[in-house]
Every structure is written in structure tokens, then in C-alpha cells.
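Under our numbering, read the sequence shown as residues 42 to 357, first letter to last.
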Amino acid sequence: MTDQRFPHRHLLGIQGLGPQEITAILDLADGYVDQNRSIDKRKSLLRGRTLVNLFFENSTRTRTSFELAGKRLGADVINMQTQASSVAKGETLIDTAMTLNAMHLDALVVRHPDSGAVKLLSEKVNCAVINGGDGSHEHPTQALLDALTIRRHKGRLAGLTVAICGDVVHSRVARSNIYLLNTMGAQVRLIGPKTLMPTAVDRMGVDVYHDMRKGLDGVDVVMMLRIQNERMKGNFIPSIREYFHFFGLDREKLAMAKPDAVIMHPGPMNRGVEIDSDVADDVERSLIREQVEMGVAVRMACLDLLTRNIPNQVAV
Ligand code: CP
């Protein structure tokens, strides 16, 4: 595995990755979990490399974990504050990308509110580009860290039944997870009101439920989604109170899942909207904190694999 090359220049989405490529990332990330739990967390694999985080949307987990991932591998890491950059003066995405490209970056992590913006940018630069979330399109490293979390708890992905619940239509996390879980042989159920389901849901290889209790019946994993008010134009739900009543995860609805079913949420959580604190903080069932830990390891694995394709890699 240590000599393996990743056959893609960028990581723009899970769509298009095969099971072997996904497994290779997860296997490598497993090793980085051990490194991150040791006292000496730092390696020099990416010594001399430069990673830039370019986030046009807010982030806590993704931006911080990419920064940690880069630093733990020995790279120089720069976090660009777009509101304090020339973007705020009207510089375009492409001009911003070309400007950064002239500084000889090795890896660029981009989050952008428009679906497809990260791919467009990747066509203008020489470095490896990682999609940190584009609109409601994809968030590949979130799906990879979710998969690593599930695999470490259940020992496999194939054959599991995973319920993805809530605001599916606006969720890049849901889309990337659907691609990944389908590719790895898991069964995916989508649960939510009709107003929050994508129009093309019947072509996504999933089973759809509008009754949460029926949808959770016998599942292995319950993955909750945040209600994304910032992407909603119009009224998608009648009220928070009614939404929580029908689609919020609480102890009573969770009882429909398998007794050893685990609870996940990509964060940030809206407590009392899509998830009750009682289940979110259940140390026996909730993997939400562990998802954050796996995020650093998965992002280290992605940076490791993608920079193997760039010439002049520093010997370890
Ligand atoms: N899950 C996720 O992407 O969280 P952030 O928005 O905090 O990065």
C-alpha cells in the first residue's frame, strides 16, 4: 500500500471512484488513526510541500482537520480567509485560482457554495485539488471519514443497511455517502419529507421512506443530516416543531433500528431540530465525536495519496 499510486490527479467527488480506490484510502487512513493517537504525531512525508485551504463557506471540522492533516505530514499550510482576500474586492474564482497557482502550491482544498465550482477551478491549476464541499453536489472526504468510522465499528461496509435521514435534497454529504455506500455494497435508505428529497431520487439506487419509524426498522447505521437553512429558498418544512416530531431522531424512533445500530451526524448539529441531545450524546451509540477524529486521518490519507502523483516528492 505504501507504494501505491492513486490514479486521479484530484479528489473532486466519490462518483467515479471504484471500491479498490476507496478501500486503499480507508486502509491508509487506518494507519494515520494510530499515528494521531501516538505522542509523536508529526511525519516529514510532505516536507517542502505547500497546502492551501481556500474556503468560500464557513467550516470548523473540514478546514481545521485539513490544516492538522497537512501539518502532521510536515507540509506548510496556509488558510486563506476569503473575506479578507481580494475575493472581497471582486476578484473572480478563476483569477484567484490562477494567482495561487503562480505560487507553486502542491495541494489546494476548496469549499465553495456553487456545485461544480471546485471542478472548474481544478482545470486552471497545476496542483492537486480536493473538494472540501461544493454546493449541494459532493463532499468526498466527509463520506470517506464516515465510511472509515462505520468500518471500524462494524468491520465492513458491504451488506450493512444505512439510513440517511433529513434534508437530503440540499446535502452534499448525502450525495457523496450514497455513491460511496452503493459502491461498497451497502444498502442505502433515504428518510425524509417529500419536500426534502431530490427529484431524481428513483435513479440513485436507494430505497425511500417518508415514515421515519418504518425507514429505521432494522438498520445498522442511522446517519442524520443537518437542516440546511442557508440553502433553502422557500418553505421546505412547516415548522421546526413539526419537523422534529416526524423526522427528528429521538430515543423512541431509534428503538426501531437494530439494538447495536450506531448514530452519526456530519455536524454541525441543530440539536432539537434533526436530533435530540439525548441520542446525540449517547456514548454507547453515538459516533459523532469519532467522525471528527477520523476526519483528520482520512484527510492525511488523501493528501498522502494525491501528492504521490506530484514529482519531486521528498523521501521519508
Ligand atoms: N461536516 C462538515 O463539513 O463540517 P464543517 O462545515 O464544520 O466543515
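Quick reminder that beta carbons are idealized off the backbone N, C-alpha and C, glycines included. Note that the structure is a prediction, hence the values are computed from the model and not measured.
Every unbroken stretch of the alpha helix (DSSP H) spanning 4 or more residues and falling wholly within the region 193-226 is given here in chain order: 213-224. Taking the CA atoms as reference points, Thr202 sits about 14 angstroms from Tyr250. When the beta-carbon positions are compared, Gly115 and Ser85 come within less than 7 angstroms of each other. Residue state for Ser106 is assigned as helix, using DSSP reduced to three classes. Short note on Ser163: C-beta not closer than 6 angstroms to any heavy atom of ligand 1. Going by beta carbons, Val229 and Val247 fall inside the 7 angstroms limit. Nearest to Val263 by alpha-carbon distance, out of Met245, Ala215 and Ile304, is Ile304.
Residue pairing from DSSP places Gln122 in a beta bridge opposite Phe96.
Pro60 places its beta carbon 7 angstroms or farther from that of Thr182. For Asn77, no beta strand (DSSP E) segment is defined; the enclosing uninterrupted segment is the alpha helix (DSSP H) at Pro60 to Arg78.
Here the C-alpha atom of Val166 lies approximately 31 angstroms from the C-alpha atom of Asn77. A check of alpha carbon separations from Val170 across Val333, Arg50, Arg326 and Ala188 identifies Arg50 as the nearest. The closest CA to that of Gly72, considering only Glu179, Cys343 and Leu295, is found on Cys343. In chain order, the residues with a C-beta atom nearer than 7 angstroms to some heavy atom of ligand 1 are Asn99, Ser100, Thr101, Arg102, Thr103, Arg104, Gly174, His180, Gln183, Val214, Pro307, Gly308 and Pro309.
Beyond the five residues adjoining it in sequence on each side, Val314 comes within less than 7 angstroms, by CB distance, of Ile268, Ile281, Tyr284, Phe285 and Gly289 in the same chain, given in chain order.
For Leu347, the uninterrupted alpha helix (DSSP H) run begins and ends at Ile329 to Thr348, by DSSP. Among the bridge pairs identified by DSSP, His49 is matched with none. Close CB contacts of Arg104 within its chain, under the 6 angstroms cut and outside five residues either way in sequence, are with Asn94 and Phe96 (chain order).
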